[in-house]
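Protein chains in written order, with my numbering: chain L, 1 to 312; chain P, 313 to 656.
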């Protein structure tokens, strides 16, 4: 089983997996009120869970089934074949076109997010295999400025779509985002259009896009690539919507019901293809990739590093 | 009045202290006018002459402000209730307009007007946000905030245009997509995402004009044009200034600061390549001479439609791809392993 392999592995072949290992070694996810980071408190049922036990269970609460949020690297480690991932475009970092300052200048916020997450931006993208089937894969990092989409996230999603078009293999993106990145103003808004032209072209070439909505997927990310998938899945309990709960409650001047904007709510309203529990995610994606005709490969994709330039 | 290319549309904006001073004086004058009117009704004193004098002073101040507004003043001008509405622009642009209704699935969304008409004797489709002229119409039209069915209707009409080989004109003026309970139930995100995808690949020319308020995803959902024009007192933003202030400072009243920070004016957007052309408004703003504003928009749309019509469709789509593909500011510092400084 793959849950034995990745989350507890301490050595993976190839430098491309380093971020995953960094994540595993850094104890950043520790909850504040539990000693020594050995235990984690489930935010839903408040049960104290032994951290290793939680990791073994793919960070799903064994008591109530709550799906803890995953970092981008943890997500990739969980679904991809071991050692199959080759990261792309990891050098892309944002500029500060608005010279935006609120309590802190935007570049300071970015640097802090980079330090905290060990990632350069709010999405990790590359090429890998899932159950032996090649896919272009992206995973968002909610811990990086709320997974917000600025120019870099838009660019990496667009390049991933272009890469998938070139390789003629499906695109899989795990969304986890509060929406567009306010600090990049209208430039971040227009990333919704940027990813749309790239995904539109991918679709016109007959290449599949599988979108997986993780907790949370809202705002400009929900209203663009997350809901542009040919097949759209979500994790149980994930918060998914366009507007924030508070904004809606203020607008309509009434309380929203329990369970509003959850994956289950969307499923009931016909907006999702499936809700996939985390332990089923990898086999489900594997099966879908086989159904979508993703190229079978035992080895990492033969894309030389300098071929990237021709794709951009 | 003729539109000018964006690079000649005005001086780069220095945040102006004088605009703020004029604003303060205007507030003062408006208060005096209100006082005098109250006195007139309460005591039956005839202050008509004084009131007229103050009102002409107020008009002069408004005109001066509109000549060089601060970002926040621009937001207020963009939201001015007397600005031309979608119906005015359609009347100025088209003949034989026929409104087409409904998304064929749920209902007709009055916040978004769609239809067909002739522009210079050639068929064209139009899609535009509909704000109301008064409170009653605003309520009926949900203040120009579409529900999912509005975007689905828009996409349906665009598909009709594609079939007719007719161009699409989209007119943006919305606070945003409606943040309501039913909107979520019917998939507001999905509707916008689908509209974006539909416009990205639509095989016919699209001209977009931001005529007033360009409110985030609800605006962009009909805004993926081959040419994007913007009236010079319109705004276009990822979030409303009030919403931005509420998030940043937990104080929705600090909209003026947020408006400055967000860089939401036509000039900013032209600088970033989001807007292709700024359409100057008549003195005092579009609301003071609506027919001049309508004529300027119609002229700009006609000119861009003519230019786009002469392009082969595949070139047009390739150019649209490049236009949106390029937007954003970022740099490539290279992979972490390779050390530092490989700037692109």
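By construction, the Cβ of each residue, glycine as well, lies at the ideal position given by its N, Cα and C atoms.
Just so we're clear, the structure is a prediction, and the values are computed from it rather than from any experiment.
Original post:
In three-state terms, what does DSSP make of residue 332(P)?
Top reply: For the purposes of this step, residue 332(P) is taken as the residue at position 20 of the second chain. Helix.
**OP:** Below 8 Å between beta carbons is the criterion; list the residues of the segment 573-601 of chain P that meet it against any residue of chain L, in chain order.
**Re:** Contact annotation: in the segment 573-601 of chain P, residues whose CB is within less than 8 Å of a CB in chain L are 573, 574, 575, 576, 580, 581, 584, 586.
Subject >> Touching by the beta-carbon criterion (3+ pairs, under 8 Å), the segment 607-615 of chain P and the segment 493-510 of chain P >> reply: As far as the Cβ criterion goes, the segment 607-615 of chain P does not touch the segment 493-510 of chain P, which means the pair count is below three.
Original post:
If we ignore side chains and look at the alpha-carbon of each, how far apart do residue 22(L) and residue 118(L) end up?
Top reply: By 1-based counting over the first chain, the position of residue 22(L) is 22. By 1-based counting over the first chain, the position of residue 118(L) is 118. Low per-residue confidence applies at residue 22(L): pLDDT is 38, beneath 50, and the placement is therefore not dependable, though the value from the model is reported in the following sentence. Rounded to whole angstroms, residue 22(L) and residue 118(L) show a C-alpha spacing of 8 Å.
Subject >> Helix, strand or coil at residue 283(L) [DSSP, three-state] >> reply: Working through the first chain from its first residue, we reach residue 283(L) at position 283. Under the three-state reduction of DSSP output, residue 283(L) falls in the helix class.
Original post:
Interface residues of chain L around residue 633(P) at Cβ under 9 Å?
Top reply: Locating residue 633(P) in the second chain gives position 321, counting from the first residue. The CB of residue 633(P) comes closer than 9 Å to the CB of 197, 198, 200, 201 in chain L, given here in chain order.
Subject >> Enclosing alpha helix (DSSP H) for residue 584(P) [first to last residue] >> reply: For the purposes of this step, residue 584(P) is taken as the residue at position 272 of the second chain. Neither: residue 584(P) is in no alpha helix (DSSP H) and is coded neither H nor E.
Original post:
If you draw a straight line from the alpha carbon of residue 596(P) to that of residue 489(P), how long is it in whole angstroms?
Top reply: For the purposes of this step, residue 596(P) is identified with residue 284 of the second chain, where counting begins at 1. For the purposes of this step, residue 489(P) is identified with residue 177 of the second chain, where counting begins at 1. Put simply, the backbone Cα of residue 596(P) is about 29 Å away from that of residue 489(P).
Original post:
Beta-carbon separation of residue 178(L) and residue 129(L) under 8 Å?
Top reply: As a position in the first chain, residue 178(L) is number 178, starting the count at 1. As a position in the first chain, residue 129(L) is number 129, starting the count at 1. Taking the C-beta atoms as reference points, residue 129(L) is found no nearer than 8 Å to residue 178(L).
Subject >> Start-to-end residues for the alpha helix (DSSP H) that takes in residue 504(P) >> reply: Residue numbering aside, residue 504(P) sits at position 192 when the second chain is read from its first letter. Counted as a single uninterrupted DSSP element, the alpha helix (DSSP H) harbouring residue 504(P) occupies residues 500-512.
**OP:** Starting from residue 265(L), trace the alpha helix (DSSP H) both ways and give me its first and last residue.
**Re:** Indexing the first chain from 1 puts residue 265(L) at position 265. Bounds of the alpha helix (DSSP H) holding residue 265(L) are 263-268.
Subject >> Span of the alpha helix (DSSP H) around residue 613(P) >> reply: For the purposes of this step, residue 613(P) is identified with residue 301 of the second chain, where counting begins at 1. In this chain, the alpha helix (DSSP H) harbouring residue 613(P) covers 602-621.
Subject >> Assigned exposure category for residue 211(L) - 16 Cβ within 10 Å defines buried >> reply: For this step, residue 211(L) is matched to residue 211 along the first chain. Classification for residue 211(L): buried.
Original post:
So residue 556(P) is in the alpha helix (DSSP H); what residue range does that whole segment cover?
Top reply: Here residue 556(P) refers to the residue found at position 244 when the second chain is read from its first residue. Annotation for residue 556(P): the continuous alpha helix (DSSP H) segment containing it runs 553-561.
Subject >> Three-way DSSP call (helix, strand, coil) for residue 172(L) in this model >> reply: Here residue 172(L) corresponds to residue number 172 of the first chain, with the count starting at 1. Strand at residue 172(L).
Subject >> Below-8 Å beta-carbon distance, residue 691(P) vs any chain L residue >> reply: With chain P covering only 313 through 656, there is no way to say anything about residue 691(P).
Original post:
Do residue 97(L) and residue 184(L) have their CB atoms nearer than 8 Å?
Top reply: As a position in the first chain, residue 97(L) is number 97, starting the count at 1. As a position in the first chain, residue 184(L) is number 184, starting the count at 1. Going by beta carbons, residue 97(L) and residue 184(L) fall inside the 8 Å limit.
**OP:** With DSSP as the reference, label residue 643(P) as helix, strand or coil.
**Re:** Counting from one through the second chain, the residue named residue 643(P) turns up at place 331. Strand.
**OP:** Using a cut-off of 9 Å between C-beta atoms, extract the partners of residue 194(L) located in chain P.
**Re:** As a working mapping, residue 194(L) is identified with position 194 in the first chain. Here the neighbours are 636, 637, 638, 639, 640.
Subject >> Selected residue, minimal CA-CA separation from residue 548(P), among 560(P), 556(P), 532(P) >> reply: Counting from 1 along the second chain, the entry for residue 548(P) is found at position 236. Nearest C-alpha to residue 548(P): 532(P).
Subject >> Reduced DSSP category for residue 443(P) - H, G, I as helix; E, B as strand; rest coil >> reply: In the second chain, the residue the question calls residue 443(P) occupies position 131. Residue 443(P) falls in the coil class under three-state DSSP.
Subject >> Own chain residues within Cβ distance below 8 Å of residue 297(L), not counting five before or after >> reply: One-based indexing of the first chain puts residue 297(L) at position 297. The beta carbon of residue 297(L) sits closer than 8 Å to those of 129, 132, 133, 134, all from its chain and outside the five residues before and after it, given in chain order.
Subject >> Residues, ordered as in the chain, of the segment 526-546 of chain P that lie near chain L by beta-carbon distance below 7 Å >> reply: So the close ones are 528, 529, 532, 536.
Original post:
So, helix, strand or coil for residue 343(P), using DSSP?
Top reply: Within the second chain, residue 343(P) is the residue found at index 31, counting from 1. Helix.
**OP:** May I ask you to list the residues that DSSP assigns as paired with residue 428(P)?
**Re:** The residue labelled residue 428(P) in the question sits at position 116 within the second chain. Note: residue 428(P) sits in a beta bridge opposite 410(P), 437(P).
Subject >> CA-to-CA distance, residue 278(L) to residue 78(L), given in whole angstroms >> reply: Taking the first residue of the first chain as position 1, residue 78(L) is located at position 78. Taking the first residue of the first chain as position 1, residue 278(L) is located at position 278. The alpha-carbon of residue 78(L) is positioned some 9 Å away from that of residue 278(L).
**OP:** Apply the 10 Å Cβ neighbour rule to residue 600(P) and answer buried if 16 or more other Cβ atoms are within range, or exposed otherwise.
**Re:** Taking the first residue of the second chain as 1, we reach residue 600(P) at position 288. When all chains shown are included, residue 600(P) counts as buried.
Subject >> Neighbour flag for residue 102(L) against chain P, beta carbons, 8 Å >> reply: By one-based count along the first chain, residue 102(L) stands at place 102. Output row for residue 102(L): interface = yes.
**OP:** Examine the Cβ distances between the segment 514-534 of chain P and the segment 616-629 of chain P and report whether three or more of them are shorter than 8 Å.
**Re:** Yes: the two stretches touch, three or more of their Cβ pairs being nearer than 8 Å.
Subject >> Cβ shell of residue 413(P) (< 6 Å), same chain only, five flanking positions each side left out >> reply: Indexing the second chain from 1 puts residue 413(P) at position 101. Result list for residue 413(P): 420, in chain order.
Original post:
Given that a residue counts as buried once 16 or more other Cβ atoms are within 10 Å of its Cβ, and exposed if not, what is residue 206(L)?
Top reply: Working through the first chain from its first residue, we reach residue 206(L) at position 206. Burial call: exposed.
**OP:** Could you have a look at residue 383(P) and say whether DSSP puts it in helix, strand or coil?
**Re:** Residue numbering aside, residue 383(P) sits at position 71 when the second chain is read from its first letter. The answer is helix: DSSP assigns residue 383(P) an H, G or I state.
**OP:** Just mark residue 463(P) as buried or exposed, buried being the case when its beta carbon has 16 or more other beta carbons within 10 Å.
**Re:** Locating residue 463(P) in the second chain gives position 151, where the first residue counts as 1. Per the 10 Å Cβ criterion, buried.
Original post:
Any chance the segment 92-111 of chain L sits against the segment 164-174 of chain L, with 3 or more Cβ pairs inside 8 Å?
Top reply: With a cut-off of 8 Å, the segment 164-174 of chain L and the segment 92-111 of chain L do not count as touching, because too few Cβ pairs lie within range.
Original post:
Which chain L residues are close to residue 551(P), counting only those with a beta carbon under 7 Å from its beta carbon?
Top reply: Position 239 of the second chain, counting from 1, holds the residue named residue 551(P). The answer, in chain order, is 182.
**OP:** Look at the alpha carbon of residue 145(L) and the alpha carbon of residue 472(P), and state the distance between them as a whole number of angstroms.
**Re:** Residue mapping note: residue 145(L) aligns to position 145 of the first chain, counting from 1. Residue mapping note: residue 472(P) aligns to position 160 of the second chain, counting from 1. About 41 Å.
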